[in-house]
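The structure appears below as structure tokens.
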Ligand SMILES: Cc1cc2nc3c(=O)[nH]c(=O)nc-3n(C[C@H](O)[C@H](O)[C@H](O)COP(=O)(O)OP(=O)(O)OC[C@H]3O[C@@H](n4cnc5c(N)ncnc54)[C@H](O)[C@@H]3O)c2cc1C
Ligand code: FES
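In our numbering, the protein residues as written are 993 to 1503.
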């Protein structure tokens, strides 16, 4: 069947978003003052706002789009402390004590989510699962053996196996018991419900665009209104405000692709990730009385590598080789950031901004790391300390002085002003679905003709720090290879550090 599936017949749609309605919180329409402001309504922001509200603080959560529609709405949603092969590396790089903190934080996060789901009776398809890292290649067998020993030494229930219930042979696997999976947006929307009221708010369609700072700290939103707060959590995935923390030099974005597949056979249960980069991550999700099998893979640095459509094609092939696929109702992709040592940055943003906190760099393991981050930041704000502060401390790897003197975010990148650029004769030959880049008066212009024949023109100089954007044919977006900002073909911000849309070609190309 997969040979005949046209995975591009429908636009990308995350199953998690399609299966949940947006409650529709209001936008900020006046200046407000609260105890704590949270920028970004993904897993980290919503969990942190929920926890601070439980501590009787007044909280304002501001979200540029709709809550849970960022990476959290495009994840695989495995709830596990098994983050591929990490523990032997952690012990070697940061020592036993910090490796133990990492393990404990993530194991605690699993229990925290499970208890919250039980106590609040959250209907989010939560189920306990065993988690597996598997390999089909001999070269990973020894690493898996070492990883089992390392994880077990840190107190995790870890086991070595030579087979799994997957419908293909593996060379080795590591199993963690008492792990889980859920529907991430159902969970998030349930937590969010408890935030508004008693002086606390959720504001959607409210982008933080400027950070005048001070103490209390002032945030200016796109509509010009301000949020003033004693404590601020920057939970915008890439830090929308980095202060003097130079995060753009300390994290990098990596994308991956997901298919939700219908198959003749039943998924055997469990949550899986391949040790080797070319392998797949697998789980199932209940859907309409049946199930979907979620197949994830094709990782690459944002804005780099082969045409993005190839990653979907490879994944369709991989799904077809693994299961008797009868349909692929959903496909989507997403990105996450990775830090220099693969441990997230969670804690005070920088030495100068001690009452501003950050949580970023989850390396595609942000469900437990992100929950642990929210718990850690709540503890820092309420108690001034956390048992996991040392391992996640963002102050490690402070940027090289060379980087500090380099161009900074928001610098004037000499982009052209909005308005009609000169004619681009080659554009006339562009067929529907095609894109091209032209140089006009020394400026790079990206053109895309949509299926209805409309031409969209934008200047493809990234508004973050001036890198040149690259066309992403699978998602119809202009993506930045430097720090992962992404823009629609009309120049609107989709994600990443950019705070301004792209300069456009005015109405000339969009009559
Ligand atoms: C393909 C893929 C699969 C994954 N699978 C797993 C998995 O199985 N298990 C796991 O543990 N982790 C997984 N992850 C990682 C995990 O999903 C993420 O780390 C986590 O969801 C990140 O949450 P977040 O709250 O930091 O970011 P987001 O969910 O992206 O939320 C950030 C929010 O901030 C908003 N925002 C941005 N800028 C501003 C601004 N200036 N003003 C206001 N709001 C702003 C955005 O609109 C967004 O809603 C996966 C990641 C990917 C890419
Ligand atoms: S230059 Fe930083 S995201 Fe584009």
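Heads up, the beta-carbon is just placed ideally off N, CA and C, and yes, glycines get one too.
**Prompt:** Heavy atom of ligand 2 less than 7 Å from the Cβ of residue 1479, yes or no?
**Reply:** Here residue 1479 is taken as the residue at index 487 of the chain shown, counted from 1. No.
**residue 1470 - containing beta strand (DSSP E), residue span** = For the purposes of this step, residue 1470 is taken as residue 478 along the chain shown, with counting starting at 1. Note, residue 1470: beta strand (DSSP E), 1469–1471.
**Anticipated Cβ contact below 8 Å, residue 1209 with residue 1347, distance rounded** = To locate residue 1209, count along the chain shown from 1; it is residue 217. To locate residue 1347, count along the chain shown from 1; it is residue 355. Indeed they touch by this definition, with Cβ atoms about 7 Å apart.
**Request:** Return helix, strand or coil for residue 1105, following the three-state DSSP convention.
**Result:** Your numbering for residue 1105 matches position 113 in the chain shown. In this structure, residue 1105 counts as helix in the three-state DSSP scheme.
**Rounded Cβ spacing between residue 1163 and residue 1130 (contact assumed at less than 8 Å)** = One-based indexing of the chain shown puts residue 1163 at position 171. One-based indexing of the chain shown puts residue 1130 at position 138. Sure, about 6 Å apart at Cβ, within 8 Å.
**Asked** What did DSSP end up calling residue 1316 once you bin it into helix, strand or coil?
**Response** The residue you call residue 1316 lines up with position 324 of the chain shown. Note: residue 1316 maps to coil in three-state DSSP.
**Message:** Is residue 1458 a contact residue of ligand 2, with contact defined as CB to any heavy atom under 7 Å?
**Reply:** Position 466 of the chain shown holds residue 1458. Residue 1458: yes, Cβ under 7 Å from ligand 2.
**Prompt:** Looking only at DSSP bridge pairs, what is residue 1479 linked to?
**Reply:** Looking up residue 1479 in the chain shown gives position 487. Answer is 1470 and 1485.
**Item:** Close-in-space but distant-in-sequence residues of the same chain around residue 1492 (CB under 6 Å, 5 per side omitted)
**Value:** Here residue 1492 refers to the residue found at position 500 when the chain shown is read from its first residue. Correct list, in chain order: 1455.
**Item:** First and last residue of the uninterrupted beta strand (DSSP E) at residue 949
**Value:** What is shown of the chain runs 993 to 1503, which leaves residue 949 out entirely.
**Message:** On a Cα-Cα basis, can you pick out the residue from 1147, 1224 and 1108 that is closest to residue 1174?
**Reply:** Locating residue 1174 in the chain shown gives position 182, where the first residue counts as 1. Among 1147, 1224 and 1108, the Cα nearest to that of residue 1174 is on 1108.
**Request:** Kindly indicate if chain C contains any beta-carbon less than 8 Å away from that of residue 1246.
**Result:** This model lacks chain C altogether, as it is built from one protein chain only.
**Touching by the beta-carbon criterion (3+ pairs, under 8 Å), the region 1273–1288 and the region 1131–1140** = no
**Message:** Could you check if residue 1354 belongs to the surroundings of ligand 1, using beta carbon to heavy atom distance under 7 Å?
**Reply:** Along the chain shown, read from residue 1 onward, the residue named residue 1354 stands at position 362. Indeed, a heavy atom of ligand 1 lies less than 7 Å from the Cβ.
**Item:** Whole-number beta carbon distance between residue 1185 and residue 1012, since they are thought to touch under 8 Å
**Value:** For the purposes of this step, residue 1012 is taken as residue 20 along the chain shown, with counting starting at 1. For the purposes of this step, residue 1185 is taken as residue 193 along the chain shown, with counting starting at 1. Wrong, their Cβ atoms sit about 13 Å apart, outside the cutoff.
**Message:** Let me make sure I understand the geometry here. Which of 1006, 1488 and 1133 has the alpha-carbon closest to that of residue 1268?
**Reply:** Taking the first residue of the chain shown as position 1, residue 1268 is located at position 276. Taking only the C-alpha atoms, the option nearest residue 1268 is 1133.
**Message:** What would DSSP say about residue 1069, mapped onto helix, strand or coil?
**Reply:** Start at 1 with the first residue of the chain shown, and residue 1069 comes out as number 77. It is coil, neither helix nor strand.
**Asked** To the nearest angstrom, how far is it from the Cα of residue 1007 to the Cα of residue 1366?
**Response** The residue you call residue 1007 lines up with position 15 of the chain shown. The residue you call residue 1366 lines up with position 374 of the chain shown. Between residue 1007 and residue 1366, the C-alpha separation is close to 25 Å.
**Prompt:** What residues match up with residue 1428 in a beta bridge as DSSP calls it?
**Reply:** Working through the chain shown from its first residue, we reach residue 1428 at position 436. Answer is 1439, bridged to residue 1428.
**Message:** Is any non-hydrogen atom of ligand 1 found closer than 7 Å to the C-beta of residue 1139, if you look at the structure I gave you?
**Reply:** Mapped onto the chain shown, residue 1139 falls at position 147. Checking the Cβ of residue 1139 against ligand 1 gives no.
**Item:** Rounded C-alpha distance that separates residue 1051 from residue 1021
**Value:** If you number the chain shown from 1, residue 1051 lands on position 59. If you number the chain shown from 1, residue 1021 lands on position 29. Cα-Cα distance, rounded: 16 Å.
**Simplified DSSP assignment, three categories, for residue 1282** = Taking the first residue of the chain shown as 1, we reach residue 1282 at position 290. Here residue 1282 sits in strand by DSSP.
**Request:** Taking only runs that begin and end inside the region 1326–1387, name each unbroken alpha helix (DSSP H) of 4 or more residues, in chain order.
**Result:** 1358–1375 and 1381–1384
**Prompt:** Do residue 1255 and ligand 1 come close, with the Cβ less than 7 Å from some heavy atom?
**Reply:** Taking the chain shown and counting its residues from 1, the one referred to as residue 1255 is at position 263. No, since every heavy atom of ligand 1 falls outside the 7 Å radius drawn around the Cβ of residue 1255.
**Prompt:** To which residues does DSSP link residue 1025 through a beta bridge?
**Reply:** Here the question's residue 1025 lines up with position 33 in the chain shown. DSSP, once it has assigned bridges, lists 1220 as partnering residue 1025.
**Asked** Cα separation between residue 1090 and residue 1150?
**Response** As a working note, residue 1090 is residue 98 in the chain shown. As a working note, residue 1150 is residue 158 in the chain shown. Residue 1090 and residue 1150: Cα-Cα distance of roughly 19 Å.
**Prompt:** Per DSSP, what kind of secondary structure is residue 1242 in: helix, strand or coil?
**Reply:** Working through the chain shown from its first residue, we reach residue 1242 at position 250. Three-state result, residue 1242: coil.
**Request:** Check residue 1251 in the structure and name its three-state DSSP category.
**Result:** Along the chain shown, read from residue 1 onward, the residue named residue 1251 stands at position 259. Of the three classes helix, strand and coil, the one that applies to residue 1251 here is strand, per DSSP.
**Prompt:** What's the C-alpha gap between residue 1241 and residue 1389?
**Reply:** Taking the chain shown and counting its residues from 1, one reaches residue 1241 at position 249. Taking the chain shown and counting its residues from 1, one reaches residue 1389 at position 397. Roughly 10 Å between the two C-alpha positions.
**Prompt:** Nearest to residue 1488 by CA position, among 1198, 1128, 1229 and 1033, is which residue?
**Reply:** Residue numbering aside, residue 1488 sits at position 496 when the chain shown is read from its first letter. The shortest Cα separation from residue 1488 among 1198, 1128, 1229 and 1033 belongs to 1229.
**Request:** Measure the alpha-carbon distance for residue 1508 versus residue 1417 and round it to whole angstroms.
**Result:** Not covered by the structure: residue 1508. The range shown for the chain is 993 to 1503.
**Message:** Tell me the DSSP secondary structure of residue 1128 in three-state form.
**Reply:** Translated into positions along the chain shown, residue 1128 becomes position 136. Coil at residue 1128, not helix or strand.
**Message:** Can you determine whether any heavy atom of ligand 1 sits closer than 7 Å to the C-beta of residue 1266, and answer yes or no?
**Reply:** Along the chain shown, read from residue 1 onward, the residue named residue 1266 stands at position 274. Not so, every heavy atom of ligand 1 lies at least 7 Å from the Cβ.
**Item:** Buried/exposed call for residue 1484, threshold 16 Cβ in 10 Å
**Value:** Taking the first residue of the chain shown as 1, we reach residue 1484 at position 492. Answer is exposed; the Cβ neighbour count stays below 16.
**Request:** Could you check if residue 1303 is buried or exposed, using at least 16 other CB atoms within 10 Å of its CB as the buried criterion?
**Result:** Residue mapping note: residue 1303 aligns to position 311 of the chain shown, counting from 1. Residue 1303 is buried by the Cβ-count criterion.
**Request:** Please report how far the alpha carbon of residue 1445 lies from the alpha carbon of residue 1054, in whole angstroms.
**Result:** Working through the chain shown from its first residue, we reach residue 1445 at position 453. Working through the chain shown from its first residue, we reach residue 1054 at position 62. Going from the Cα of residue 1445 to the Cα of residue 1054 covers about 37 Å.
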